[in-house]
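Following: one structure in structure tokens, then a few remarks.
Residue numbers (the working numbering), protein chains in the order written: chain E, 3 to 1043; chain Y, -15 to 293.
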């Protein structure tokens, strides 16, 4: 009790005492007694002096005047302390005042009116005032029969409104008062027989505040828990009854076939708490996972109100809560925020205010309200204590009020005090009709007794006990033939040691030297036999109530909003993360661009974009940096949330809204990174007029990497694996981008030197991004975009003129020469095939529309039909088109030349032209896209000729409608009969890849794949298992062993 | 279900975006180049035959000839006479590129003959770039030349390959009906040789040989005028050959003061640094005075500086 209350009480006591008859002996005794209960000896004296001082303040005349001043003084004091006391304290003060008045039964109207005034100022409602009045001043049972009161007695008189708990052998009555508004319970005991409240004797003329977790106990017999009292008050509140049943649960571990659980049976109903006990490795957590529906039993069935849990997990999920052993908290958020966002995800209809209220109420009930604004932190960086974390964990589950709660080792790592608190909390829940399963390793006596039932598992997953915890001790003692085996708990102190059970179960055979051996006296199967023989599980009434929808989840968009906000808050609160992420990109951009800002002329200080040899590598680095940043930022995202997701999986929330919120935040980060990188990099390198394209491509590849990162973070189960995976994802992309290694000069097994980009590189996003950027940089810059089309035409004509037609003519000339020298086989089948292919292409080419030369004898280009006459015709045709190409090339070449001379006619114009060219056209990039380093301008692949130079000027052929593949650095891409600009086409491909990755992410395809790789496919496994058994049987028969 | 609806919406939106992007950026909105492919009547070629052009161009003295003469006459190498390597950025049109291809080619030969192999790399690169731009780069074996230029022992091979490259280019251009370019390259080569010969700083005792060689160029000048005449056009604005022609006419005025007595003799092959060079054995007596030389030098310098600008 705080100083303020005590001081206020002293003052109020004094004022009341001064009324009418003045202070009586019993009143002063009460005050002294009261203080003695609250304080130590020295402080008692201090407060008693204070009391006496207040008494003597005024004189003892009971004149009207002094009465007047007393009541005004009361008001003054009451008003003064009104602001400093909370609701609970006010109630306590009021109760104490009544008690004080009642101490000598001197109930004058004046005294009562002072109390009444105080109550008014405290804003205590009339009903509760009356209830307190009745509770303290009345003794007759019929007057006490009001709804705020509970009787604990051995009798069973009829009651109208009050509640009753039957407590055998109790003399007198324990009367309990409930003040709902403050959630307080007071009790008094009418007899002077020995009764202990929390181990201290109860004085029959005092009123006690029943603290949470209190235990009332007679010297012998069962204790009454605070929760029993609370539940009695609530017994009229209806809730759906739950009937839980697990039948013959049998479980084999999938990896090695070892038996994990052996014929486990459980049957429970609402309002019970079942403890699952056993030595380490006995299968407690496995059992919990199975009965909570996380894992499937090999044989057996778990049902809730008749609904098979494993078959209809989705219809039951909502009413199940699972609190695993680890914390499922978001470390970066505060205690309150953790709870707030969980609540938001669960309740659709509540307003923010209501949710706030609800969260605060839960925090209050958990005793966490005072730390609500502390960050949760992680175990290494402690902000709140272990017990508080555990309680918050439980709170997160409690807020949605699941009907069945599974708790794994709630007390591990907690102090005994914290453990008791946590268990108390769970115990309280049963009062509200929850069914709770708790796995616990080594409960203390106090905790052990809190369970309604326990089940004990022994090595190998045998169930060896099921039933009342105290009787468990008796059961095992009896089986062990111990003396006083009928006594469950210590008769004098009421405590019992659960350890005795385990020491009996695991006791070892003693050898002849008195040393314990490794073998047990009674093996697990033997205990199991005893169990089957002696204990039958108490059948509980079956309910088939419809399962409640314990919460209404918000819709997709609202879930998205909550996830998004929560994630954003998490990120923002981590300053280091935020700063690094935002600074990383611009710093890297600066580093990269500054280092590669190359001035070709060693005597000059003037940077010229055109002469910078590093633009192509810069673009390449852009894609790799984007990939890297995108991956790094996302690679741990889902993994980090894994625990939280596990909890939220019981909420049946939309996975897509979760993923989209993640993606949304990652995209925002990536967009900022892309923007800053491109802006700084391009500014330093003076890449002009391309910022948007660079940004959008950089962002797209980062977005792809984001989702790739989410995939791996959802599939792999440790941070280290994830970071080992990253090089595997990045390095192949670097190799297959086409920047570092020319596709013409890589291993031909994977398609090096082919007409098109190697298939493997088609799946490399950095390739698409790089190609898109390079092509765009080359052909769409301000200088070159006006020339590109003409240059393209010139290049096409040049290629035909100089290489292609010349090469075709060579084949025909060869034939003619060989024929005239009487060669037996003047031309090979393949060469004819090549001529056929190429001339067919030539006839279909766009150029064929512009000349009249025809060769109509394609069908004669076969070994048998080919003859010198045809050859002559073919040669003439080739010669003609050769001429045509030559003329057209000269014309186009001249036209371009004319344009350029026009643009450079005067010195000013020339200067301007040069400036434009210098700042937009990079000559090294130009060499790259023209494949200047190609060993051959054209190559023969099979029976086709393939152009290798000037890929930037070559449109891919329209082979079939949906062929999107092309050679590297094609200026346009083909799809469905049309050509599309490479940049945008590649961009779309990138996003399609991203969408595919989203789908694999949504359906956890990678996770499943990894699971199958690790564990094999289940059906196959079963087959292998069966075959193994057959083999063993066969061998046993054969060898007779 | 609501979720389903959201998906449909998302899918639809992304589909629309794709369509938009493709339509917006797909079809080329830039100008149509197809009209360039249509045959036009203006594509006429010159009147004289390809063979004739080839002959006339081959009459232009090989740069090796003039440079080796200078070297043998103990004339000091002067780098500042060469066209600065940086000038290449000024050449935007085929006209300029072709002329300067000749100029740089001559410079390259000059440097090689004087064993200045170390500094040749930029000139080699320039020659390649101009050749590439003129779409005749495939005749110029840059890689080999680059390798050879690492050591001065390979000068002969370098000269051989360079010469062959220029010959191949000329032949190819004529064959491809681009003799105008071939003529310009020859012109550049010739003017540069002449420039190097007329701008010798200190004349050696046997200056007569050089003077005689300069005087002999009167014949070449005649051929050049004939060639250029073919490419003249009535449109002064468009045709730059006109300007060359006129400048050349002014040079002709000076050369007219030179008189040559010509005695024909069969040319013979001669071994020059293990390389066969055709040497004109016709003897001729050139009458030229110092004043004419000076005037020729002035005019050559004017023309040459116009070219390399």
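Think of the CB as a built atom: it goes at the ideal place given N, C-alpha and C, for glycine as much as any other residue. Treat the numbers as computed from the prediction; the structure is a model and nothing was measured.
Among residues of its own chain, excluding the 5 on either side of residue 1008 (chain E), which ones have a beta-carbon nearer than 8 angstroms to its beta-carbon?
The answer, listed in chain order, is 713, 714, 716, 717, 1002.
Counting only the same chain and skipping the five closest in sequence on each side, list residues whose C-beta sits under 6 angstroms from that of residue 284 (chain Y).
Hits under 6 angstroms: 178, 179, 182.
Can residue 794 (chain E) and residue 981 (chain E) be called in contact, C-beta distance under 8 angstroms?
No, they are not a contact pair.
Considering only their Cβ atoms, is the gap separating residue 699 (chain E) from residue 632 (chain E) smaller than 8 angstroms?
Cβ distance not < 8 angstroms, so residue 632 (chain E) and residue 699 (chain E) don't count as in contact.
From the DSSP output, which residues share a beta bridge with residue 179 (chain E)?
Answer by DSSP bridge pairing, in chain order: E:151, E:188.
With three or more beta-carbon pairs closer than 8 angstroms as the criterion, would you say the stretch 339 to 359 of chain E touches the stretch 670 to 679 of chain E?
Short answer: they don't touch.
Using a beta-carbon distance below 8 angstroms, is residue 992 (chain E) in contact with chain Y?
Answer no: the Cβ-Cβ gap between residue 992 (chain E) and chain Y never drops below 8 angstroms.
Across the stretch 62 to 77 of chain Y and the stretch 241 to 255 of chain Y, are there enough close Cβ pairs to call them in contact, namely three or more that are closer than 8 angstroms?
In short, these stretches do not touch, since the Cβ pair count stays below three.
At least one CB of chain E closer than 8 angstroms to the CB of residue 256 (chain Y): is that the case?
So, not an interface residue.
Could you tell me whether the Cβ of residue 10 (chain Y) comes closer than 8 angstroms to any Cβ of chain E?
Reliability of the predicted coordinates at residue 10 (chain Y) is poor, the pLDDT of 46 falling under 50, and the value obtained from them is presented with this limitation in mind. Chain E contact via Cβ: present.
Would you list, in chain order, the members of the stretch 102 to 130 of chain Y that have their beta-carbon closer than 8 angstroms to a beta-carbon of chain E?
Taking 8 angstroms as the Cβ-Cβ cut-off against chain E, the residues of the stretch 102 to 130 of chain Y that qualify are 119, 122.
Less than 8 angstroms between the C-beta atoms of residue 213 (chain Y) and residue 229 (chain Y), yes or no?
Yes, the Cβ-Cβ distance between residue 213 (chain Y) and residue 229 (chain Y) is below 8 angstroms.
Extract the residue ranges of the alpha helix (DSSP H) inside the stretch 344 to 405 of chain E, only unbroken runs of 4 or more that lie entirely within it.
Runs found: 354 to 368, 388 to 400.
Taking only beta-carbon positions, decide if residue 73 (chain Y) is within less than 8 angstroms of chain E.
For residue 73 (chain Y), the answer is yes, since a Cβ of chain E falls inside 8 angstroms of its Cβ.
Ordered along the chain, which non-local residues of its own chain (more than five positions away) have a Cβ less than 6 angstroms from that of residue 46 (chain E)?
Here the set comprises 37, 38.
On the CB-based measure, 16 or more other CB atoms within 10 Å of its CB, does residue 740 (chain E) come out buried or exposed?
Buried: at least 16 other Cβ atoms inside 10 Å.
With a threshold of 16 other CB atoms inside 10 Å of the CB of residue 137 (chain Y), please say whether the residue is buried or exposed.
Exposed, because fewer than 16 other Cβ atoms sit within 10 Å of the Cβ of residue 137 (chain Y).
For the alpha helix (DSSP H) containing residue 294 (chain Y), list its first residue and its last residue.
Residue 294 (chain Y) falls outside the range modelled here, since chain Y spans only -15 to 293, and no answer is possible.
By DSSP, does residue 259 (chain Y) sit in helix, in strand, or in coil?
Looking at residue 259 (chain Y) - three-state DSSP - the assignment turns out to be strand.
Have a look at Y:277, Y:171, Y:19, Y:-3 and flag the residue whose alpha-carbon is nearest the alpha-carbon of residue 848 (chain E).
Ranking Y:277, Y:171, Y:19, Y:-3 by Cα distance to residue 848 (chain E) puts Y:19 first.
Kindly confirm or deny that the stretch 321 to 336 of chain E and the stretch 644 to 654 of chain E touch, where touching means at least three C-beta pairs closer than 8 angstroms.
As far as the Cβ criterion goes, the stretch 321 to 336 of chain E touches the stretch 644 to 654 of chain E, which means the pair count is three or higher.
What are the complete beta strand (DSSP E) segments, minimum 3 residues, inside the stretch 288 to 316 of chain E?
Runs of the beta strand (DSSP E) inside the stretch 288 to 316 of chain E: 301 to 306.
At least one CB of chain Y closer than 8 angstroms to the CB of residue 881 (chain E): is that the case?
No, residue 881 (chain E) does not count as interfacial toward chain Y.
Using 8 angstroms for Cβ pairs, my map puts residue 407 (chain E) next to residue 436 (chain E). What's the rounded Cβ distance?
Confirmed, about 6 angstroms.
Which residues share a DSSP beta bridge with residue 946 (chain E)?
Answer by DSSP bridge pairing, in chain order: E:943.
If we cut at 8 angstroms on Cβ distances, does residue 1047 (chain E) have a partner in chain Y?
Nothing in the structure corresponds to residue 1047 (chain E), since chain E is present only between 3 and 1043.
Could you tell me whether the Cβ of residue 897 (chain E) comes closer than 8 angstroms to any Cβ of chain Y?
Yes, because at least one Cβ of chain Y sits closer than 8 angstroms to the Cβ of residue 897 (chain E).
Any beta carbon of chain E sitting closer than 8 angstroms to that of residue 150 (chain Y)?
It does not: the Cβ of residue 150 (chain Y) has no partner Cβ on chain E nearer than 8 angstroms.
So, do the stretch 561 to 577 of chain E and the stretch 608 to 625 of chain E have three or more beta carbon pairs nearer to each other than 8 angstroms?
At 8 angstroms Cβ cutoff, the stretches do not touch.
Go ahead and label residue 107 (chain E) buried or exposed: buried means 16 or more other beta carbons lie within 10 angstroms of its beta carbon, across all protein chains shown.
Residue 107 (chain E) comes out exposed.
Is it true that the CB of residue 176 (chain Y) sits closer than 8 angstroms to the CB of residue 100 (chain Y)?
Not in contact: residue 100 (chain Y) and residue 176 (chain Y) (Cβ atoms no closer than 8 angstroms).
Beta strand (DSSP E) containing residue 265 (chain E): first to last residue?
Per DSSP, residue 265 (chain E) belongs to the beta strand (DSSP E) from 261 to 271.
Mapping the DSSP letters down to three states, classify residue 494 (chain E) as helix, strand or coil.
At residue 494 (chain E), the pLDDT of 49 sits below 50, so the modelled position is not reliable; the number obtained from the coordinates is stated separately. Residue 494 (chain E) falls in the coil class under three-state DSSP.
Just checking, does the stretch 823 to 832 of chain E make contact with the stretch 918 to 932 of chain E on the three C-beta pairs under 8 angstroms criterion?
The answer is no - the stretch 918 to 932 of chain E does not touch the stretch 823 to 832 of chain E, with fewer than three Cβ pairs under 8 angstroms.
Anything in chain E within Cβ reach of residue 17 (chain Y), meaning under 7 angstroms, just list it in chain order.
Those are 791, 792, 795, listed as they occur along chain E.
Run down chain E in chain order and give the residues with a C-beta less than 9 angstroms from the C-beta of residue 77 (chain Y).
Those are 899, 900, 902, 903, 906, listed as they occur along chain E.
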